[in-house]
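Residue numbers (our numbering): 1 to 119. Think of the CB as a built atom: it goes at the ideal place given N, C-alpha and C, for glycine as much as any other residue. Below is one structure, written out as structure tokens, with a few remarks after it.
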Amino acid sequence: MNGARNLNSRINRLEQTLGTLPCNCPDSADLAWPGHQPNPHCASCGGKRLIYPLANHPRSAEPPIRQALPIIEKAFGTDQRADLSTLTNQELRQLKTALQTVEQATTYKRTPIADGDSR
Ligand SMILES: [Zn+2]
């Protein structure tokens, strides 16, 4: 057994794990939507950020969903799979309200007539 080599591979593994962990900066989470893909790496520390993808532009619901980002971050933790059991009832309510607001803001149709299709 090669002790130094073993140690090196353990350090490599640790570095990889650390590289995939979101940082703890205030800038460590952001939203993405079609046409808007923020930098997955934190500009402050180089750490990985949690990018929460939305199906549509949040429009008027952007402020409430941004306020809920710390809750989303807490729920998703480090393995990119939501664990809602880590949230308090109040956090769950706030997250649910924010996501519903996004849904309402993005499914609301201003006009039933489709935009001019110039073919
Ligand atoms: Zn950071």
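Remark: three or more beta-carbon pairs, one from each stretch, lie closer than 8 Å, so the region 22-38 and the region 46-59 are flagged as touching. Counting the other Cβ atoms within 10 Å of the Cβ of Cys42 gives 16 or more, which makes it buried. At least 8 Å separates the beta-carbon of Leu50 from that of Ala82. For a cut-off of 8 Å, the C-beta gap from Cys23 to Gly47 is around 3 Å, short enough to register as a contact.
In the DSSP assignment, no residue is bridged to Ala75. Boundaries cannot be given for Leu84, as no alpha helix (DSSP H) includes it and DSSP labels it neither H nor E.
In the DSSP assignment, Leu99 falls within the alpha helix (DSSP H) that extends over Asn89 to Thr107. Just so you know, the alpha carbons of Gln104 and Leu69 end up roughly 18 Å apart. Counting only runs of at least 3 residues, the region 21-47 fully encloses the following beta strand (DSSP E) elements, listed from N- to C-terminal order: 29-32.
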